[in-house]
Amino acid sequence: MTPTPDSIEGGIIVVVRWVKLGVEIFGAGLVTLGVCVAIVQLIRKLVARKSAEFTATRLILARHLALALEFELGADILGTAVSPSWDQIGKLGAVAVIRTGLNFFLSMEMKGEVEKGEAAVAPESKQGNL
């Protein structure tokens, strides 16, 4: 018995939906991991009574969030790829714009924080060489 196009298409849709779910779970796991790592680092700094500089903690969380946003956008694209309606395409477009914007500004903030950190370290290392 040869498979009909409906059964092949139906099977592909089921597989893609499972893959989409897996990618969404992975993205959520990245957010959870980032939050846990950031909390642990924050607690260590507070217990050690180090300076109130939380840039490293923010960068850890921001990196995880940026990567998770990429995975979540990929999952949305997968979901729309199997059964696109104009409504789903419109929602995907809106979500893509929002997530891409969030990721862009998050990346800019991370870059700025890294540059600030490098600028702060550079004068200190020059003073040590004098």
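The sequence shown begins at 668 in my numbering and counts up by one. We put the beta carbon where it would ideally sit given N, CA and C, even for glycine.
**Report entry** Distance between Ala748 and Ala786 (C-alpha atoms, nearest Å)
**Finding:** Residue mapping note: residue 786 aligns to position 119 of the sequence shown, counting from 1. Residue mapping note: residue 748 aligns to position 81 of the sequence shown, counting from 1. Ala786 and Ala748: Cα-Cα distance of roughly 45 Å.
**Report entry** the region 692-708 touching the region 725-737, judged by at least three CB pairs closer than 8 Å
**Finding:** yes
**Report entry** CA-to-CA distance, Val764 to Phe721, given in whole angstroms
**Finding:** Mapped onto the sequence shown, residue 721 falls at position 54. Mapped onto the sequence shown, residue 764 falls at position 97. Rounded to the nearest angstrom, the two C-alpha atoms are 29 Å apart.
Query - Assigned secondary structure, Glu720 (DSSP; H/G/I helix, E/B strand, else coil) - result: Here residue 720 corresponds to residue number 53 of the sequence shown, with the count starting at 1. Glu720 falls in the coil class under three-state DSSP.
Query - For Ser674, three-class secondary structure by DSSP - result: Locating residue 674 in the sequence shown gives position 7, where the first residue counts as 1. Reduced to three states, the DSSP call for Ser674 is helix.
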